[in-house]
Amino acid sequence: MKTLSLETDHKIKLPLDRVKALGLKSGVVLEKTNDGILIRPYTAQTWDEVYAEKLKMGTPSALDLSEVSGDDLIF
3 MKTLSLETDH KIKLPLDRVK ALGLKSGVVL EKTNDGILIR PYTAQTWDEV YAEKLKMGTP
63 SALDLSEVSG DDLIF
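For the sequence shown, the tail end lands on 77 under my numbering, and the numbers increase by one without skipping.
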């Protein structure tokens with residue numbers, strides 16, 4: 003088992019051979035477990051992937067603009 007020290011700003015420096023072996027590219031996810039901290043690779047998502055699970059908006063209803071004047075607009 004290899005131990006690593008925390009730097010003053012709580013960063014962990016992983017040896018380059020471990021980084022390559024784990025396939026780490028953009029970042030990691032830290033997961034707290036009963037045994038300690040588990041470090042998992044993180045893969046960046048595209049905006050399409052981020053919004054794929056968002057709720058779709060329904061059709062907008064008609065807006066009642068009878069009480070809106072030119073003074074209500076912000077430029």
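Backbone N, C-alpha and C fix where the C-beta goes; we use that ideal spot for every residue, glycine too.
- Annotation for Leu26: Pro43 place their beta carbon closer than 7 Å to its own, counting only its chain and skipping 5 residues before and after.
- For Lys22, the uninterrupted alpha helix (DSSP H) segment begins and ends at Leu18 to Leu24.
- Annotated as distal: Ala54 and Ser28, with beta-carbon spacing of 8 Å or more.
- As the crow flies, the alpha-carbon of Thr35 is around 10 Å from that of Ile41.
- Distance between Gly38 and Asp19, taken at the CA atoms: about 22 Å.
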